[in-house]
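In terms of our numbering, the sequence shown opens at residue 790 and continues consecutively.
Here is the structure we will look at, set down as structure tokens.
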Amino acid sequence: MPSTEQSANNALDYRKTLAEFASGVTVITGGTQDAPLGFACQSFSSVSLEPALVMFCVDRGSRTWPNLRPFGRFCVNVLGEHQQDVCWAFGSKAGSKFDALDWEWSAWETPALQGVLARIHADVSAVHEEGDHDIVIGRVVALERMTDGRRPLVFFRGTFNIDADATDARHTWTLMGGWI
């Protein structure tokens, strides 16, 4: 099996290598009823079962995270494959991300997107600065599963929901920094 060694110090090599790892896509939300906030995030994971902890990573250059962080609570909205448009809206730096989207104010005081597969509501437990990102640890306060047989939105090799055998993505985009 052919292998190509690449430099971890080269940003493009780094992105291309990590693109081999398929990940789900989420939208992290928080804020107030007057100022809902959110951003697309593919760097999300479970941390611990006891206590129930989750984590996400966010670029410290984000314009949304510094405004969301002081609220101390967030909602992880797990997107379904039918929600690419939601991901694009929350991945964009332009316009109001909540315009023309179905969402509600949750019982846990976070914006909750409609049509998602699941929602995880959590309080910020810790924030660790590493490299150019913050690693946010959240203590889970509530879970909502809205499974209806839909499949998750998956990001792989720079595009959404492609066949694992596909190698050419016409529209290559990374949630870690835009088009490449």
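For every residue, glycine included, the Cβ atom is placed at its ideal position computed from N, Cα and C.
Please read all numbers here as calculations on a predicted model, not as lab measurements.
Spatially closest choice to residue i from the options, by CA coordinates
| i | options | result |
| --- | --- | --- |
| Ala829 | Ala915, Gly869 and Arg934 | Gly869 |
| Phe887 | Val913, Thr853 and Arg928 | Thr853 |
| Ala824 | Ser834, Val875, Thr899 and Ala811 | Thr899 |
| Arg971 | Val905, Val930, Ala915 and Val916 | Any property of residue 971 remains undetermined from this structure, which presents the chain solely from 790 to 969. |
| Glu839 | Thr936, Val929, Gly947 and Arg934 | Val929 |
| Ser834 | Ser851, Thr821, Ile926 and Thr806 | Ile926 |
| Trp860 | Trp897, Trp892, Val943 and Thr936 | The amino acid occupying residue 860 in the given sequence is Phe; Trp does not appear at that position. Minimum Cα distance to Phe860 is reached at Trp897. |
Range covered by the alpha helix (DSSP H) that runs through residue i
| i | result |
| --- | --- |
| Asn950 | Premise fails: Asn950 is in no alpha helix (DSSP H) and is neither H nor E. |
| Ala896 | Neither: Ala896 is in no alpha helix (DSSP H) and is coded neither H nor E. |
| Phe879 | Gln873 to Gly880 |
| Pro855 | Trp854 to Leu857 |
Test item: CB-CB of residue i and residue j under 9 Å
| i | j | result |
| --- | --- | --- |
| Phe949 | Ala808 | no |
| Val816 | Asn856 | no |
| His910 | Arg862 | yes |
| Arg849 | His922 | yes |
| Leu837 | Phe845 | Note that residue 837 is Ser in the sequence shown here, rather than Leu. No; because the gap between Cβ atoms is not below 9 Å, this pair is not in contact. |
| Cys864 | Thr818 | yes |
| Gly813 | Pro941 | yes |
Beta bridge counterpart(s) of residue i as assigned by DSSP
| i | result |
| --- | --- |
| Asn866 | Val816 and Arg908 |
| Phe828 | Ile817 |
| Glu919 | His922 |
| Glu809 | Looking at the DSSP assignment, Glu809 forms no beta bridge with any residue, so it has no partner. |
| Met935 | For Met935, which the question treats as bridged, DSSP gives no partner whatsoever. |
| Ala901 | Glu893 |
| Gly927 | Val843 and Val913 |
| Phe945 | Thr948 |
Burial state of residue i, where buried means 16 or more other Cβ atoms lie within 10 Å
| i | result |
| --- | --- |
| Ala901 | buried |
| Arg959 | For Arg959, the predicted structure reports a pLDDT of 41, less than 50, and the residue's modelled location is therefore unreliable. A value from the coordinates is still provided. By the neighbour-count rule (16 or more Cβ atoms within 10 Å), Arg959 is not buried but exposed. |
| Gln872 | buried |
| Arg934 | exposed |
| Phe810 | exposed |
Boundaries (first-last residue) of the beta strand (DSSP E) holding residue i
| i | result |
| --- | --- |
| Leu842 | Leu842 to Asp848 |
| Phe887 | Premise fails: Phe887 is in no beta strand (DSSP E) and is neither H nor E. |
| Ser837 | Phe833 to Ser837 |
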